[in-house]
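Numbering (UniProt numbering), first residue to last: 1 to 130.
So this is what it looks like as structure tokens:
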């Protein structure tokens, strides 16, 4: 019996990895406080990522924000091309998708990632938009 369990363990582990959702996609980075987000948004060296859809981005976005849709099938591939040493401020409509995107980036080795929350809140707080 013990021999069976040891020989079956690698197969069971592989099956679990192939059928489960990645932990990064399930986890979310909490939204940072507004003061932190406002401070980061004003720093030129911080990369601002709008992780909403291109249609949402087109209706308005934070100044200097780049659009990288977290729900796009190639999100992880495009994110992997980013510089892992830079600081990233992410936002979406509510903070949910940006939290998911931040967790994915952290799983890819990004260490300086901040979930800025929702666009409407940031706009109402006075952050510059385009």
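Even glycine gets a Cβ: it sits at the ideal position worked out from N, Cα and C.
Quick check on the burial criterion: 16 or more other C-beta atoms within 10 angstroms. Buried or exposed for residue i?
i	result
residue 37	buried
residue 9	Low per-residue confidence applies at residue 9: pLDDT is 44, beneath 50, and the placement is therefore not dependable enough to give any value.
residue 44	exposed
Just to confirm my understanding: we take residue i, look at its own chain, exclude 5 residues before and 5 after, and list those with CB closer than 6 Å. What are they?
i	result
residue 112	87
residue 48	62, 64, 65, 89
Is the beta carbon of residue i less than 8 Å from the beta carbon of residue j?
i	j	result
residue 93	residue 34	no
residue 129	residue 110	no
Can you give the beta carbon distance from residue i to residue j, rounded, assuming they're within the 8 Å contact cut?
i	j	result
residue 78	residue 53	About 14 Å; that fails the 8 Å criterion.
residue 41	residue 127	5 Å
residue 116	residue 91	4 Å
Considering only residues of the same chain and omitting the five flanking positions on each side of residue i, which have a CB-CB separation below 7 Å?
i	result
residue 105	79, 88, 113
residue 68	49, 51, 75, 78, 79
Considering only residues of the UniProt domain "Rhodanese" (42–130), which uninterrupted beta strand (DSSP E) runs meet the minimum length of 3 residues and lie entirely inside it, listed in chain order? 47–50, 88–92, 113–118
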